[in-house]
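Take a look at the structure set out below.
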Amino acid sequence: MTLTSDQVKRLIETVAKTVIAEADRLTTLDQAIGDGDHGLNMKRGFEAVLADLDGLARKPLPDAVKAVGTHLVMKVGGASGPLYGTLFLTLGKELPAEAGLAELANALGTAFEAVKARGKSDVGQKTMLDVLGPVCDALVGASADPQLGDRIKKVATEAAEATVPMKAVRGRASFLGDRSIGHMDPGACSAALMIATIVDCLESAKT
Amino acid sequence: MSANVGIVIVSHSPKVAEGAADMVRQMVGAEVPVAWTGGNPDGGLGTSVPAIIEAIDKAWSDSGVAILVDLGGAETNSEMAVEMLDQDRQGKVVVCNAPIVEGAVIAAAEAASGASLADVKKTAEELSPQ
């Protein structure tokens, strides 16, 4: 599908506003097992994105996605800046101007690998990768039927829930060792939130 | 421009970063270029990629720059900053896996002796348990 400039604008605006609206919840999660700044940091990053919304909407989608990544890198101030920044920068670099489902799956797969390298982490370590990995897997070879969006959202939500019993071995949460068990990872939560929002936007853009 | 390797200190806290830089300065005087940065783009606890790039610029030496960091985000943001430098500079900046204060002081002492970037990094990293 190709998004019009208005649709690109709405997509970025909705994702940014959703993250900003949920900032307190993300911060609360991060207070349990991290340093309590995930929501605040993501809010700062996406406020910079919102401030540049008109500029972003003038770009083709891949370039807009890359520019979102740059804003996050420059403004977030915590590890989630380079991590989400790398995700969006790579995604934008890999997405062709006219992306179908296969191209999207491919680009997201490459972006997932780039985030892994940036964080020197992997799935199973209670991070955003635990959501991105299953979502990538679900997209590979998926058929574009009307239920796909719901399936992807379900995969993302369940994957975020699945980080609750995990023990953190990367990032600040790893200092807690076993005490990190029993809380959802804030990065997994924000990743699932963004994926669900993107799915909803793309679905409404189709109709 | 100094021929000695430069040192950059990146902490979540500007006070920690500045304090560590003061200790380095007392140890090696002006023989080693030293720069520090701390705080997120709003000034709260955290680190900032543009501020790290600026600090690298300030401590620049053609012999290279060694970065000392405190916690997770400082390391990830420093690595990101290095990748955003001009191509010809990227290979001359390293992030050391060492305690920030002791690492900065020992790295600077090594740098003051005219040691190579690789040796400065190695000396600082000897402080970390293997």
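Chains B and D, in that order, give the protein sequences. According to the working numbering, the stretch in the first sequence is residues 1 to 207, in order. According to the working numbering, the stretch in the second sequence is residues 208 to 337, in order. We put the beta carbon where it would ideally sit given N, CA and C, even for glycine.
- For D/S218, the three-state secondary structure derived from DSSP is strand.
- Counted as a single uninterrupted DSSP element, the stretch harbouring B/A144 is not any alpha helix (DSSP H), since DSSP gives it neither H nor E.
- Contact between D/T244 and B/P82 is ruled out by a C-beta separation of about 15 Å, above the 8 Å threshold.
- When 8 Å is used as the limit between beta carbons, D/V256 is near these residues of chain B: V73, M74, G81 and P82, in chain order.
- The Cβ atoms of B/H38 and B/P186 sit closer than 8 Å to each other.
- CA-CA distance, D/E333 to D/A305, rounds to 8 Å.
- Each residue's CA atom was taken as its position, placing B/L91 and B/I198 some 14 Å apart.
- When DSSP states are grouped into helix, strand and coil, D/G250 belongs to the coil group.
- A contact is defined here as three or more CB-CB pairs under 8 Å, and the segment 160-167 of chain B fails this definition with respect to the segment 4-19 of chain B.
- In this structure, the alpha-carbon of B/A196 lies about 10 Å from that of B/L202.
- Close to B/D37, with beta-carbon spacing below 9 Å, are these residues of chain D in chain order: N247, G251, L252, G253 and G280.
- For B/I20, the closest of B/L193, B/K206 and B/S204 by C-alpha to C-alpha distance is B/L193.
- Taking 8 Å as the cut-off, the Cβ atoms of D/G253 and B/N106 do not count as close.
- Interface criterion met: the Cβ of D/N284 is under 8 Å from a Cβ in chain B.
- Spanning the alpha carbons of B/D6 and B/D200 requires a straight line of approximately 16 Å.
- Rounded to the nearest angstrom, the gap between the Cα atoms of D/D249 and B/K154 is 36 Å.
- Proximity of chain B to D/M287 at the Cβ level (cut-off 8 Å) is accounted for by V73, G81, P82, G85, T86 and R118, in chain order.
- Chain-order list of chain D residues neighbouring B/N41: N247 and G253, by C-beta distance under 8 Å.
- Distance check between B/G124 and each of B/V169, B/E158, B/L95 and B/I152 places B/V169 closest, using alpha-carbon atoms only.
- With a beta-carbon spacing of about 4 Å, B/G85 and B/L72 fall inside the 8 Å limit used to define contacts.
- At a cut-off of 8 Å between beta carbons, B/R179 makes no contact with chain D.
- Using a Cβ distance threshold of 8 Å, D/K222 and D/A273 do not count as a contacting pair.
- If you look at B/V115, you'll find it in the alpha helix (DSSP H) that goes L101 to G119.
- In this structure, B/A79 and D/G280 form a Cβ contact; the two beta carbons are roughly 4 Å apart against a cut-off of 8 Å.
- Between D/E238 and D/A319, the C-beta spacing is below 8 Å.
- The beta carbon of D/N211 lies closer than 7 Å to those of E238, V239, S268, S270, A318, A319 and G321 in the same chain, with the five residues before and after it left out.
- Inclusion of B/L29 and B/M128 in the CB contact set at 8 Å is not warranted, their separation being larger than that value.
- At least one CB atom of chain D sits nearer than 8 Å to the CB of B/R172.
- About 19 Å separates the beta carbon of D/V312 from that of D/V300, a gap too long to meet the 8 Å contact definition.
- Each of D/I216, D/P336 and D/L278 was checked against the Cα of D/D264, and the nearest Cα belongs to D/I216.
- Contact residues of the segment 179-194 of chain B toward chain D are absent (C-beta to C-beta distance below 8 Å).
- In the DSSP assignment, D/A242 falls within the beta strand (DSSP E) that extends over V241 to G245.
- B/L95 is positioned such that its CB atom lies closer than 8 Å to that of B/V65.
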